[in-house]
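*Asks:* Throughout the sequence shown, residue numbering follows the working numbering, covering 738 to 1081 in sequence.
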Amino acid sequence: MSKILVTGGTGYIGSHTVVELQNNGYEVIIVDNLSNSSIDVLDGIASITGKKPAFEKIDCQNKQALAEVFAKYPGIEAIIHFAASKAVGESVEKPLLYYKNNLISVLNILELMGEQNTYNLVFSSSCTVYGQPDILPVTENAPVKPATSPYGNTKQIAEEIIRDTIHADNRLKCIALRYFNPVGAHPSAAIGELPNGVPNNLIPFVTQTAIGIRECLRVFGNDYNTPDGSAIRDYIWVVDLAKAHVIAVERLLGNKNKNGIEFFNLGTGKGLSVLEILNTFEQATGVKVNRKIVARREGDVEKVWADPTFANNELGWKAETSTEKMLATAWEWEKRLAKKNSMS
Ligand code: NAD
Ligand code: WQD
């Protein structure tokens, strides 16, 4: 049974990936400092897979503590590095926190890979590296545009650090996955997204409005150059996204990657506007979402969606889940949270 170290494994995408790894026979060791997740997530994972993954409460900025994980669990074959701070707006206010957390963690992971003879890395990157692409859908060959936030910059810099490190040490391999907009939750509603405070992202704000935690969803802009005037994104179900990580690990362990570092877009290939998302949510759940149109949000791009052909062909992976289903799982998760909160 191959051992996989998953940093940020109690987080949103990490926890769904741990489920898929365990369901595919991998032994998972989670490292997370719980800065943006809860230890209870381990119970959620166990309720789905029948097994609680090993867990170490460690900050990835602490290299010594990470090294001890390799000593405690010998034979780790690959690392999936999710751990990072991810709030775009917060990164503008606290750039140093973001540069420190996201980049020192990557530096530590890369150093340890060489030192501990663990040569395989899956890295969480983001469509944010493309900014507003000139050509849509966007392929992996599109130019990386100047970052519009310190958060986005940490992803660009991390990709470059990884590229240079792999170039200098040909034992190391990485698959960098550029996620588009991950949404929804596991169908069991045992794990899902846990936004900290007022959500920045669209879907948690929609579900919180639908359930009555928020009064009204603000649609940021209806004057974009899009069919209905609202901004367009590529929303991908988190479970589809999680499955791509298992395939990426298999590709690395099977030495099937073609370069030291490979980049893959993980999206559906379909762009949807904010208003289309709201209408689909209402149709899928039968629940109305109170909304009002407000000004554009600073820093938002107008439209972006993926060309996922490279991932489809090379990884043999495809995100096929319907928008209705992904939004329905987000709603089931919100209801589950409400029930849990009412009992505590
Ligand atoms: P998340 O905040 O739910 O998960 C990240 C996890 O990492 C959390 O559990 C947090 O406690 C942990 N963490 C943060 N810093 C740490 C550190 N120094 N040491 C140990 N643990 C630490 O976020 P997510 O949505 O699951 O995102 C996972 C990764 O995917 C991140 O790298 C993020 O930048 C990237 N990403 C996310 C999105 C998105 O929209 N959710 C899109 C593109 C890329
Ligand atoms: C989606 C659309 C908003 C909230 C962010 C990061 C990106 C990546 C994914 C990590 C936009 C609109 C939103 C609301 C709205 N993360 N919206 N009302 O901005 O595409 O991407 O998450 O790498 O880097 O920037 O996602 O969910 O915030 O917004 O109208 O209350 O919904 O304007 O058009 P975004 P989002």
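Think of the CB as a built atom: it goes at the ideal place given N, C-alpha and C, for glycine as much as any other residue. Just so we're clear, the structure is a prediction, and the values are computed from it rather than from any experiment.
1. Count the other CB atoms within 10 Å of the CB of Gln1020; is the residue buried (16 or more) or exposed (fewer)?
2. Let's test the definition: count the other Cβ atoms within 10 Å of the Cβ of Gly812 and tell me whether it reaches 16, buried, or not, exposed.
3. Given 7 Å as the limit, tell me if Phe957 has its C-beta closer than that to any heavy atom belonging to ligand 4.
4. Taking the alpha-carbon positions, what's the Gly921 to Lys892 distance?
5. Verify the CB distance criterion: does Leu779 have a CB-CB separation below 8 Å to chain B?
6. Per DSSP, Thr1066 is paired with what?
7. How about Gly745: is its Cβ closer than 7 Å to a heavy atom in ligand 1?
8. Please report the straight-line C-alpha distance between Ser861 and Gly997, rounded to a whole angstrom.
9. Can you give me the C-alpha to C-alpha distance between Gln798 and Leu779, rounded to a whole angstrom?
10. Label Cys953 either buried or exposed according to how many other C-beta atoms from any shown protein chain fall within 10 Å of its C-beta, with 16 as the threshold for buried.
11. Sorted by chain position, which residues of the same chain lie with C-beta nearer than 7 Å to Ala783's C-beta, five sequence neighbours on each side aside?
12. Is Asp796 near ligand 1, in the sense that its beta carbon is under 7 Å from a heavy atom of that ligand?
13. With respect to 7 Å, is the separation between the Cβ of Asn937 and the closest non-hydrogen atom of ligand 2 below this value?
14. Going by C-alpha to C-alpha distance, which of Ala804, Val1024, Glu1061, Ser863 sits closest to Ala821?
15. Ala981 to Lys1055, Cα distance in whole Å?
16. Buried or exposed, going by whether 16 or more other CB atoms sit within 10 Å of the CB of Pro880?
17. What whole-angstrom Cβ distance do Leu1052 and Ile984 have, given they're in contact under 8 Å?
18. Ends of the alpha helix (DSSP H) at Lys809?
19. Please identify the residue among Leu758, Tyr836, Asn857, Asp769 whose C-alpha is closest to the C-alpha of Glu1090.
*Replies:* Answer, in terms of the structure:
1. exposed
2. exposed
3. Absence of ligand 4 from the depicted structure is noted, with ligand 1 and ligand 2 being the only ligands included.
4. Gly921 and Lys892 have their C-alpha atoms roughly 23 Å apart.
5. Looking at the structure shown, chain B is missing, and only one protein chain is on hand.
6. BP columns for Thr1066 are empty, so no partner.
7. yes
8. Roughly 16 Å between the two C-alpha positions.
9. 22 Å
10. exposed
11. Lys789
12. Within the cutoff, so yes.
13. yes
14. Ser863
15. 8 Å
16. exposed
17. 5 Å
18. 800-809
19. With the chain running from 738 to 1081 in the structure shown, residue 1090 is simply not present.
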